[in-house]
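Okay, structure first, notes after.
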Amino acid sequence: MSGGLRVGNLEGEQIHTSCQTEVEVKHGVGLHARPSVTFTRLAKSFPCSIEVAINGSDVWLNGKSIIKIMGARIRKGSLLKIRAEGILAEEAIRALKGLVERNFDEEKKHGRTA
Amino acid sequence: MAAPPRLKATSASPGVATGPAYVATPMAAAASPPSHLSGLTELGNAIEKAIRDLRALAAGTDPESGEIIEFQIEVLQDPTLMEMAGARIDAGENIVFAWVGTLDTYIRELECAEEDQLQARAVDILDVKNRVLSILTGTPIDDFPAGSIYVGKDMEPSRFLAHDWSAGGGIALYAGSAVGHVALLARSRSVPMVIGAGRFTTEKGQHIGVDGDSGIIMLQIAKQSATTAPHDHRLTSMASAADNGILHTADGCQVLLAINVNAPEEIDAIDVATTAGIGLMRSEFAVTSLGDAANEEKQFAIYRRLLDWTDGRSTTIRMLDIGGDKPLAGLIDVPSLRGIRLLLARPEIARVQARALLRAAVFGSLQIMLPMVMFPSDVDDIRQIYREESDALSRRGVPHRMPPIGMMVEVPAAALMLDEFESADFFSFGTNDLAQYLVASPREDADFALYQAKAVPAVLRLLTQAIRLAGKKPVSICGDMAGDPSLTAALLAAGIRHFSMAPAQLPAIRSAIVGLKADGTKAAGE
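If you read the sequences in order, they're chains A and B.
In case it helps, my numbering puts the first sequence at residues 17 to 130.
In case it helps, my numbering puts the second sequence at residues 11 to 536.
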């Protein structure tokens, strides 16, 4: 998550980009309350727009909205598409993908399902 | 109908607790009417205040509570909420309804989720909704006495967190969820809790027990000291006429006497056995602010209380008759519409009340009455709202029932055309407005009383014709004329058999009817 690398870059189009990735939710409880909070808070820390789509759906949901993310019923085995557009889009995608791959940092906290 | 001493429920947090029952009403009455609630800025400020309150609540609590509060804060900061509420406000919706409507959409989505984990979040969003609503309308979230057993459909996490559990106490929920945040908090604080008990009745203050080990609620356990029977005072007020409001004229024709109710507290001093039920409840006297009008749970509790009191007798609740000379506090952006016109122009108000009434209808013999109906299409349009809300409740699995929907006959245009009102299930004559509109006098006019008295023959003639036009549909009268013993004979002659009046008028009308025959003539010997 080295977003600072590009901030000072004078080439506007390099900063303002669109970017997309796919990641499988491999472990745990899926995106219920606590993992959703972690996800949307991270998403909101980036200035770009962030959207997600689940299991090949073409409905793109606001990745900064906890209600949308939680309501999307992202479970173990779900395929999560994340796309970002705007400033720091690449960094946002990298960070969010990392978070999903680390199982929303659930292990770092006490292993409760909330 | 004595409740069983033990109720099987489901354990959600172990341990045993006993104490006086606190039967929850989701929100207390509005302390002050909301002022100048109009825009997104006010909503934003209320949300900010809610977040500050939540942070204060989180300070010094355990990590479990902290995370639940963080979740609620994240919901409050959800950008789509402000977008949707903003769109509703732009479309002309009042700020309070814009907020409630937006959150209700999400609450319903969660309630309909298949996963228990998601369903259990509905009450969290409800909590967030009510927290902001209470700030917008100046209504505090009410705590309950320490050591109580909380009884309710569900419990909001903020209530749990704001409550002092050091004096003991427990939680018994009609519904609820073992994976809900409150269950989680209860387990971490060792507060005994059971869920899924189904709807049960217990008096406020009645000692009950919660056994969170075996999942049982013990109702009516040893009462503390000699508490006085709660119904004693009723019997003295009207001890002589416990005829259930069913009378007969001298020639044996049955006549029913019901009462008009404004604020729900009015029934406390009345013995229900002196009445045939409630013929008119003016809901605008119980739902007095925009906050109340937006508050489905509060309305549900009020209607439920009336239905519990009438104990199976007919209970007619009139939808909000607001507008015109009866403004609703906080509703400032409405043109001079009144009654049904306002309800149809602001369906978000009607829909909240419709849901509360549909849900309450399960608990008694409810009838819904529409105010100031003018045209048959008015009834059709409201009926459509009831159908849609009923379908939505069905989808959510919320118990409800479609009650009969009838109308006040208080506008001459309706009275003259009653045979055209096919979709009204019953008619009730509101003679005050009928007289007012017949003599073209505003009620606040100093001479209105005089005009009203002079209009009596015209009102009676209109009633007589309208009753013929009503055909076989039930007809009653709930205006002031119903409680005037000098007019009882004329009303009987017009064909009225069902009178609803201020409770204080019951004895006078009772005496008047006994001496009359069904055609209004005096019985022989009188």
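For each residue, glycine too, the CB sits at the ideal point set by N, CA and C.
Just so we're clear, the structure is a prediction, and the values are computed from it rather than from any experiment.
Indicate the three-state DSSP secondary structure (helix, strand or coil) for residue i in the structure shown.
i: B/Leu290; result: strand
i: B/Ile506; result: coil
i: B/Glu121; result: helix
i: B/Leu338; result: coil
i: A/Thr56; result: helix
i: B/Phe170; result: helix
i: B/Glu93; result: helix
i: B/Gly178; result: coil
i: B/Ile79; result: helix
i: B/Leu58; result: According to the sequence provided, residue 58 of chain B is Glu. The question's Leu does not apply to it. B/Glu58 falls in the helix class under three-state DSSP.
i: B/Ser404; result: helix
i: A/Leu96; result: strand
i: B/Thr112; result: helix
i: B/Met417; result: strand
i: B/Pro30; result: strand
i: B/Val362; result: helix
i: B/Asn140; result: helix
i: B/Gly219; result: strand
i: B/Asp242; result: Low local confidence applies: a pLDDT of 34 at B/Asp242 is under 50, so the model's placement there is unreliable, with the coordinate-based value given in what follows. Three-state result, B/Asp242: helix.
Compare the C-beta of residue i against all C-beta atoms of chain B and say whether one is closer than 8 Å.
i: A/Val53; result: yes
i: A/His48; result: yes
i: A/Arg57; result: yes
i: A/Ser81; result: yes
i: A/Arg89; result: yes
i: A/Lys84; result: yes
i: A/Asn119; result: no
i: A/Asn78; result: yes
From residue i to residue j, what distance separates their C-alpha atoms?
i: B/Ala185; j: B/Thr20; result: 10 Å
i: B/Asp321; j: B/Leu229; result: 21 Å
i: B/Arg471; j: B/Ser158; result: 58 Å
i: B/Leu194; j: A/Ser65; result: 35 Å
i: B/Arg365; j: B/Asp88; result: 27 Å
i: B/Gln129; j: B/Ala22; result: 16 Å
i: A/Ile83; j: B/Phe81; result: 10 Å
i: A/Asp121; j: B/Gly76; result: 17 Å
i: A/Ala111; j: A/Glu40; result: 15 Å
i: B/Val192; j: B/Arg351; result: 42 Å
i: B/Ile205; j: B/Thr71; result: 25 Å
i: B/Leu113; j: B/Ala402; result: 15 Å
i: B/Gly49; j: B/Glu103; result: 10 Å
i: B/Glu306; j: B/Gly530; result: 44 Å
i: A/Gly72; j: B/Arg405; result: 27 Å
i: B/Val419; j: B/Val383; result: 7 Å
i: B/Phe436; j: B/Pro484; result: 5 Å
i: B/Ile78; j: B/Ala97; result: 29 Å
i: B/Ala177; j: B/Asn55; result: 35 Å
i: B/Tyr160; j: B/Gly179; result: 8 Å
i: B/Ser168; j: B/Asp126; result: 20 Å
i: A/Lys80; j: B/Gly29; result: 44 Å
Quick check: residue i and residue j, are their CB atoms within less than 8 Å of each other?
i: B/Ile146; j: B/Gly301; result: Correcting the residue identity first, residue 146 of chain B is Leu in this sequence and not Ile. Yes.
i: B/Asp221; j: B/Val26; result: yes
i: A/Glu67; j: A/Leu58; result: no
i: B/Ala207; j: B/Ala182; result: yes
i: B/Leu479; j: B/Leu428; result: yes
i: B/Ser299; j: B/Met329; result: no
i: A/Ser34; j: A/Ala105; result: yes
Could you give the C-beta distance for residue i and residue j, rounded to a whole number, given that I count them as a contact under 8 Å?
i: B/Gly289; j: B/Arg323; result: Not confirmed; about 10 Å, so no contact.
i: B/Met417; j: B/Phe439; result: With 8 Å as the limit, B/Met417 and B/Phe439 do not qualify as a contact, their Cβ atoms being about 10 Å apart.
i: B/Ser451; j: B/Arg393; result: Not really, about 32 Å apart at Cβ, beyond 8 Å.
i: B/Thr325; j: B/Leu376; result: 5 Å
i: B/Ala260; j: B/Val449; result: Not a contact, Cβ separation roughly 34 Å.
i: B/Ile415; j: B/Leu368; result: Contact flag wrong, Cβ pair sits at about 11 Å.
Using a beta-carbon distance below 8 Å, is residue i in contact with chain A?
i: B/Thr90; result: yes
i: B/Gln129; result: no
i: B/Val110; result: no
i: B/Phe81; result: yes
i: B/Val85; result: yes
i: B/Glu119; result: yes
i: B/Tyr116; result: yes
i: B/Glu58; result: no
i: B/Glu166; result: no
i: B/Glu306; result: no
i: B/Glu77; result: yes
i: B/Glu125; result: yes
Less than 7 Å separating the Cβ of residue i from some heavy atom of the ligand GTP?
i: A/Val68; result: This structure does not include the ligand GTP; it has no bound ligands of any sort.
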